[in-house]
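The structure appears below as structure tokens.
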Amino acid sequence: MTHFLDIHTTPPEALRGIIDDAINVKKSRTGRPKGALDDDQPLKDHMVALIFEKPSTRTRVSFDVGVRQMGGQTMVLSGADMQLGHGETIADTARVLSRYVDLIMIRTFEEATLLEMAEYASVPVINGLTNRSHPCQIMADVMTFEEHNGPIKGKKVVWSGDGNNVFASFAHAAKQFDFDLTFTGPETLDPEPALQGLYTVERNPEVAVRDADLVVTDTWVSMHDPQSARERRHNQLRGYQVNEALMNRAKDDALFMHCLPAHREDEATSAVMDGPNSVIFDEAENRLHAQKAIMRYCLGK
Ligand code: CP
Ligand code: NVA
179 MTHFLDIHTT PPEALRGIID DAINVKKSRT GRPKGALDDD QPLKDHMVAL
229 IFEKPSTRTR VSFDVGVRQM GGQTMVLSGA DMQLGHGETI ADTARVLSRY
279 VDLIMIRTFE EATLLEMAEY ASVPVINGLT NRSHPCQIMA DVMTFEEHNG
329 PIKGKKVVWS GDGNNVFASF AHAAKQFDFD LTFTGPETLD PEPALQGLYT
379 VERNPEVAVR DADLVVTDTW VSMHDPQSAR ERRHNQLRGY QVNEALMNRA
429 KDDALFMHCL PAHREDEATS AVMDGPNSVI FDEAENRLHA QKAIMRYCLG
479 K
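Start counting the sequence shown at 179; every next residue gets the next number (this note's numbering).
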């Protein structure tokens with residue numbers, strides 16, 4: 179069974195294959211009419227379950243469109259509407275769904291839910307975000323970087339802000355794709371200890387972004403963070419906003435990324451998000467192409 183659960187648990191050569199496949203598939207579709215199906219229809223007669231226990235725009239729409247372009251069908255399920263949200267075990271849900279569908283993508287809270295789903299499912303399971311990681315996003319981000327600025331190997335990536343789930347997948351990717359990752363943020367919001375050794379820390383954001391090839395940030399309050407922590411987090415993170423003054427300290431051709439949704443003028447200013455170095459909408463588009471390659475990898479198509 180080939181699941182796609184995390185970047186650090188997927189072999190580097192498989193990750194490289196997924197990126198190359200995604201870039202090729204994207205190129206081969208250029209100029210085709212909107213909504214056209216892929217020529218080889220690798221998901222024909224396949225049903226994909228997309229389970230969401232948290233809100234989503236990009237993940238939901240890009241998986242749905244990707245499956246359809248490859249000739250398959252989708253079923254979008256909200257966790258709250260399933261028996262899963264009313265006491266049925268994850269293990270039982272996984273075994274039942276495996277009798278109906280060919281692939282499961284799940285966005286959930288606890289990583290344990292994802293892992294239990296993968297353990298008991300007899301079809302591949304894809305991680306569509308947990309409190310701990312967001313691997314599909316970072317595959318799209320690596321693809322986006324390489325499309326714009328060439329191989330990411332050896333490049334300097336700087337994360338400014340909260341040491342959250344998206345950062346964790348960047349940390350996993352730093353090892354697998356062999357790039358340098360610097361974290362700049364307050365000590366109170368440091369990444370989880372398990373990630374130590376995968377990145378360096380520089381508390382001063384102006385020093386951190388020196389020579390950066392890529393500057394990344396994300397929301398200051400993630401979906402799993404309590405709203406009661408909002409004000410405290412904002413106070414702690416204000417000094418780590420990505421604005422033009424900070425971007426000007428990175429390399430001239432440094433890219434700016436944000437997985438979106440963003441809170442403009444909090445973690446990043448509109449001047450940066452809409453500025454010449456920003457590739458935020460390419461990242462969003464590449465979710466589609468990268469996830470098509472991830473699904474093909476999982477299904478061996
Ligand atoms: N970046 C991302 O995963 O966006 P959604 O929450 O809209 O899916
Ligand atoms: N860190 C964010 C990412 C959203 C795509 C969250 O978990 O809410």
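Even glycine gets a Cβ: it sits at the ideal position worked out from N, Cα and C.
- Contact between the segment 316 to 325 and the segment 285 to 298 is absent: fewer than three C-beta pairs spanning the two stretches fall below 8 Å.
- The beta carbon of V254 sits closer than 6 Å to the beta carbons of L228 from its chain, once the five residues preceding and following it are set aside; these are given in chain order.
- Excluding residues up to 5 positions away in sequence, Q247, M248 lie with their Cβ nearer than 6 Å to the Cβ of D216 in the same chain.
- Contact check for I282 against A269 fails: the beta carbons are separated by 8 Å or more.
- Assignment of beta strand (DSSP E) within the segment 411 to 448, counting only whole runs of 3 or more residues, yields 433 to 436 in chain order.
- The Cβ atoms of A440 and M425 lie no closer than 8 Å to each other.
- Counting along the chain, I229 sits inside the beta strand (DSSP E) bounded by residues 225 to 230.
- In this structure, S400 has its beta carbon at no less than 7 Å from each heavy atom of the ligand CP.
- One alpha carbon belongs to R427, the other to P233, and they sit about 35 Å apart.
- Cβ-Cβ distances below 6 Å link P190 to Q354 in the same chain, with the five nearest sequence neighbours on each side left out; the list follows chain order.
- T188 sits buried, since 16 or more C-beta atoms from the chains shown fall within 10 Å of its C-beta.
- In this chain, the beta strand (DSSP E) harbouring I282 covers 281 to 285.
- Bridge partners of W337 according to DSSP: F361, V394.
- Its chain contains no residue whose beta carbon lies nearer than 8 Å to that of Q374 once the 5 sequence neighbours on both sides are disregarded.
- Counted as a single uninterrupted DSSP element, the alpha helix (DSSP H) harbouring S206 occupies residues 190 to 207.
- Closest by C-alpha distance to V399, out of R285, E445, R277, V385, is E445.
- Of all C-beta pairs linking the segment 325 to 337 to the segment 301 to 317, fewer than three are shorter than 8 Å, placing the two stretches out of contact.
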